[in-house]
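> Dumping the structure here so I can ask a few things about it.
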Amino acid sequence: MKYSFEMIGNNAGIIWKTLADKPKQSIVELEKETKLKRDEILLALGWLIKEDKLTYEKIGRGIKFYLK
Numbered sequence: 001m002k003y004s005f006e007m008i009g010n011n012a013g014i015i016w017k018t019l020a021d022k023p024k025q026s027i028v029e030l031e032k033e034t035k036l037k038r039d040e041i042l043l044a045l046g047w048l049i050k051e052d053k054l055t056y057e058k059i060g061r062g063i064k065f066y067l068k
């Protein structure tokens, strides 16, 4: 499946809103909260990191994402 910039941007908005409500979410937690597929989440996280709107930290064996 090919993902458009519009779709990735929309998904980034969904993740941004989710992290605004519930900070420090893992990819698995974002999957449950947003109902997006893992690849959609990864693309959107990349978008937000590139736009300098998101940061992350390694916690144990996982990574938690949160807004700057």
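Be aware that the sequence shown starts at 1, since it is given in UniProt numbering, and climbs by one per residue.
Cβ atoms here follow ideal geometry from the backbone N, Cα and C, with glycine treated the same way.
1. Measuring only the C-alpha atoms, how far is Glu40 from Lys53?
2. What residue range is occupied by the uninterrupted alpha helix (DSSP H) comprising residue 141?
3. Specify the secondary structure class of Lys42 as computed by DSSP and reduced to three states.
4. Please identify the residue among Glu6, Ser26, Tyr3 and Ser4 whose C-alpha is closest to the C-alpha of Leu67.
5. My output table needs one value for Lys53: the three-state DSSP class, helix, strand or coil.
6. Is the CB-CB distance between Leu48 and Ile8 below 8 Å?
7. Taking Leu36 as part of the alpha helix (DSSP H), name the residues at either end of that continuous run.
The relevant details are as follows:
1. 17 Å
2. The structure shown does not extend to residue 141, since the chain is modelled only from 1 to 68, so the question has no answer here.
3. In the sequence as presented, Lys is not what sits at residue 42; that position holds Leu. Leu42 falls in the helix class under three-state DSSP.
4. Ser26
5. coil
6. no
7. Premise fails: Leu36 is in no alpha helix (DSSP H) and is neither H nor E.
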